[in-house]
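FYI, the numbering used here numbers position 262 of the sequence shown as 489, with every residue one higher than the one before it. For each residue, glycine too, the CB sits at the ideal point set by N, CA and C.
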Amino acid sequence: MTVPPTHRSTHRRNIALAISAVAFLSFEIAIVTPRAQTPSGSATPGGGRAFGQVSAATDPGPRGGGPGAGAPIGGLADYENQYFTSAQTEFSASETVAEGLGPRMNLDSCVGCHSQPAAGGSSPATNPQFAFASLNGGTDTVPPFITANGPVRETRYVQNADGSPDGGVHAIFTINGRTGSSTDCNMKQPDYATQLAANNVIFRIPTPTFGAGLIENIPDSAIIANATSNAPTKTSLGIRGRPNFQVSGRTISGQTNNNGNDGTVARFGWKAQNKSLLLFAGEAYNVEMGITNELFQTERDETSTCQYATVPNDTTNMAAATAFDGLSSIEKFAIFMRFLAPPTPSTDTPGGSPSIGRGSRLFNSVGCALCHTPSMQTGNAAVAALRNKAVNLYSDLLTHNMGTGLADGVSQGQAGPQDFRTAPLWGLGQRLFFLHDGRTTDLVTAIGAHSSSGSEGNGVVSNFNQLNENQKQDLLNFLRSL
Ligand code: HEC
Ligand code: HEC
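Given below as structure tokens:
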């Protein structure tokens, strides 16, 4: 694997850290402290402060300006671009009961949950689930964790009634009363009052899909090589693998979540639980919208009085006039996401390019980059635009034990109750809600949440906490530039 320059220099400096964390940190501070002065009061667009006068570093907030994402990746052939455009229409379409929506679902379109700052992204500022409860005659109740301005959420239960592990998605809404449904369909919504009182409900917010085709095309070998890099530094900071994933003589940080059937590295979702975009699309169509398809053929709820379409609801149309028209919707969703360009970072907003540059170096030197790997490389991909390309995702695609504070009690594949995939940070500057359950909109809180009993993030957060406020501000500006 080609080691990106940022990584290489981190590695060199991290050797010092392995010798003495304190000496290392002061070394880093020594090189970043001298700073240019900016004019006083030059607040950045997002509300961030100019350095030189920071008393307490603050999250500059979502970066303004046009969306830095949503376009197709450069270098696609004309016919691939046409597929992208048509597939985007499918991703943005709202589905009806007649088309197979439900009988249980979390919303009626992919784009409803994946729209910030553009189609394919993450949770928007106004949660569409709030209005969806009563859309088209719907009679559903809005549960307390769905609010007008809160994040889009889906729920999983930790346990079944008998105490065995559940972990599955319990869809919030039903087709009761909606256009196309009939009066003999009387679904009950999940009994959230009881489940919430029993602390049995956990939340997940949407992850963005920009650049997802690049992520899909990173070879497993690159992910594994990266896991074993910088081993002494990772060990000194407590970033580790589970014992059964340690190969003797090597330290592996985090662990891959290997696909149950073919054993290759899965990489999508909060726990890296899903192998590919097509698989995620098929599962999301059935789980989020209740629409069965050629990957997930049977209805999750087969209550006979609530079925209004043939099963699977959506299939390849062999009689279609064109190849594209004939594709089933899940193929179109996958094509759209695969061809979405990665987010474009800003070079100067917020805080100006010197601050962002310093923040980027601090991100490496305090150790964020040990999990949030700045860059990996795709392999010999079939699509030329995705072949041998840099993927500046800021993730190692591994799952790490994030401690009791972030634990959700759910296991998926080899990812256990406290394990999460290092969240890719590209596009962070225009994201609104953070962490798997959307518990915060504030980057400072999100960083603090990395630290709790048992977390592999503890050592790095402690390094972060030792930075002065100006340095923290630089780091936050860097994060919002992504
Ligand atoms: C009700 C909201 C909702 C709808 C509708 C929805 N999603 Fe998602 N999506 C989510 C959530 C929540 C996650 C994170 C799930 C997890 O990891 O547990 C997610 C994650 C994903 C991911 C993983 C991306 C990554 O890198 O982690 C893909 C791909 C995806 N969705 C595709 C789709 C497609 C395609 C559709 C339409 C068929 C869709 N989603 C509809 C909420 C939604
Ligand atoms: C031990 C590995 C590890 C280290 C070190 C680490 N992170 Fe993370 N980071 C994660 C994981 C895993 C998540 C997802 C946690 C969750 O959602 O529960 C995450 C999530 C985040 C998020 C939220 C992203 C989102 O999409 O919601 C931000 C921001 C973030 N990290 C920034 C940082 C910064 C800044 C540092 C250094 C101070 C850092 N991280 C160090 C593993 C790490």
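Beta-carbon proximity check, residue i vs residue j, cutoff 8 Å
{"i": "Y621", "j": "L652", "result": "yes"}
{"i": "F437", "j": "G347", "result": "yes"}
{"i": "M603", "j": "A439", "result": "no"}
{"i": "G675", "j": "V687", "result": "no"}
{"i": "T600", "j": "N615", "result": "no"}
{"i": "S587", "j": "F705", "result": "yes"}
{"i": "S573", "j": "G465", "result": "no"}
{"i": "E381", "j": "N427", "result": "no"}
{"i": "G388", "j": "L625", "result": "Just to set this straight, residue 388 is Ala in the shown sequence, not Gly. Cβ distance not < 8 Å, so A388 and L625 don't count as in contact."}
{"i": "D701", "j": "S582", "result": "yes"}
{"i": "D447", "j": "T491", "result": "yes"}
{"i": "C533", "j": "C340", "result": "no"}
{"i": "F372", "j": "F430", "result": "yes"}
{"i": "T672", "j": "C598", "result": "no"}
{"i": "Q524", "j": "V538", "result": "yes"}
{"i": "V593", "j": "L694", "result": "yes"}
{"i": "V385", "j": "V637", "result": "yes"}
Integer-rounded CB distance, given that residue j should sit under 8 Å from residue i
{"i": "P570", "j": "G654", "result": "3 Å"}
{"i": "N591", "j": "S555", "result": "That pair is no contact at about 43 Å."}
{"i": "N484", "j": "A642", "result": "5 Å"}
{"i": "D367", "j": "Q416", "result": "6 Å"}
{"i": "S682", "j": "G630", "result": "3 Å"}
{"i": "G390", "j": "V324", "result": "With a Cβ gap of about 36 Å, G390 and V324 do not count as contacting."}
{"i": "K498", "j": "Q639", "result": "4 Å"}
For residue i, the first and last residue of its enclosing alpha helix (DSSP H)
{"i": "E317", "result": "305-319"}
{"i": "Y384", "result": "Unbroken run through Y384 is the beta strand (DSSP E), 381-384; no alpha helix (DSSP H)."}
{"i": "V688", "result": "685-692"}
{"i": "T672", "result": "670-675"}
{"i": "R565", "result": "556-566"}
{"i": "F590", "result": "580-592"}
{"i": "R707", "result": "696-708"}
{"i": "F551", "result": "550-553"}
{"i": "E510", "result": "504-514"}
{"i": "Q641", "result": "First-last for Q641: undefined, no H or E at that position."}
{"i": "N453", "result": "447-455"}
Distance between residue j and residue i (C-alpha atoms, nearest Å)
{"i": "V338", "j": "N488", "result": "30 Å"}
{"i": "F566", "j": "A493", "result": "19 Å"}
{"i": "A568", "j": "P344", "result": "13 Å"}
{"i": "T645", "j": "L633", "result": "Before going further, note that residue 645 is Gln rather than Thr in the sequence given. Computed Cα separation, rounded: 7 Å."}
{"i": "G302", "j": "I445", "result": "18 Å"}
{"i": "G579", "j": "P435", "result": "26 Å"}
{"i": "A596", "j": "G364", "result": "49 Å"}
{"i": "P370", "j": "Y419", "result": "7 Å"}
{"i": "F318", "j": "A508", "result": "10 Å"}
{"i": "P378", "j": "L659", "result": "8 Å"}
{"i": "K699", "j": "N544", "result": "54 Å"}
{"i": "I442", "j": "A546", "result": "34 Å"}
{"i": "S253", "j": "P433", "result": "Since pLDDT at S253 reaches only 35, below the 50 mark, its modelled position is unreliable, and no value is offered."}
{"i": "F359", "j": "T374", "result": "12 Å"}
{"i": "E529", "j": "A511", "result": "17 Å"}
{"i": "F647", "j": "S350", "result": "19 Å"}
{"i": "S321", "j": "L522", "result": "20 Å"}
{"i": "A608", "j": "P299", "result": "17 Å"}
{"i": "L703", "j": "N697", "result": "10 Å"}
{"i": "A352", "j": "D664", "result": "15 Å"}
{"i": "A424", "j": "N486", "result": "34 Å"}
{"i": "P289", "j": "L362", "result": "30 Å"}
{"i": "A398", "j": "A611", "result": "38 Å"}
{"i": "R467", "j": "G553", "result": "47 Å"}
{"i": "A548", "j": "H627", "result": "48 Å"}
{"i": "I450", "j": "M414", "result": "44 Å"}
{"i": "H677", "j": "G293", "result": "30 Å"}
{"i": "G297", "j": "R383", "result": "29 Å"}
{"i": "Q309", "j": "G295", "result": "21 Å"}
Enclosing beta strand (DSSP E) for residue i [first to last residue]
{"i": "V338", "result": "Element bounds for V338: not the beta strand (DSSP E) but the alpha helix (DSSP H), 337-340."}
{"i": "T626", "result": "626-628"}
{"i": "V428", "result": "428-431"}
{"i": "D528", "result": "Element bounds for D528: n/a, residue is neither H nor E."}
{"i": "F647", "result": "646-648"}
Any C-beta of chain C under 8 Å from that of residue i
{"i": "C533", "result": "Absent from the structure: chain C. Only one protein chain is present."}
Heavy atom of ligand 4 within 7 Å of residue i beta-carbon
{"i": "A360", "result": "Annotation note on ligand 4: not contained in the displayed structure, which lists ligand 1 and ligand 2 as its ligands."}
Cβ contact check for the segment 316-335 and the segment 503-521: 3 or more pairs under 8 Å: Contact holds: three or more Cβ-Cβ distances are below 8 Å.
Should the segment 616-632 be regarded as contacting the segment 395-403, the criterion being three or more beta carbon pairs within less than 8 Å? Too few Cβ pairs lie closer than 8 Å, so no.
Counting pairs of beta carbons, one from the segment 549-563 and one from the segment 310-318, are three or more of them closer than 8 Å? Judged by Cβ distances under 8 Å, the segment 549-563 makes contact with the segment 310-318, as three or more pairs qualify.
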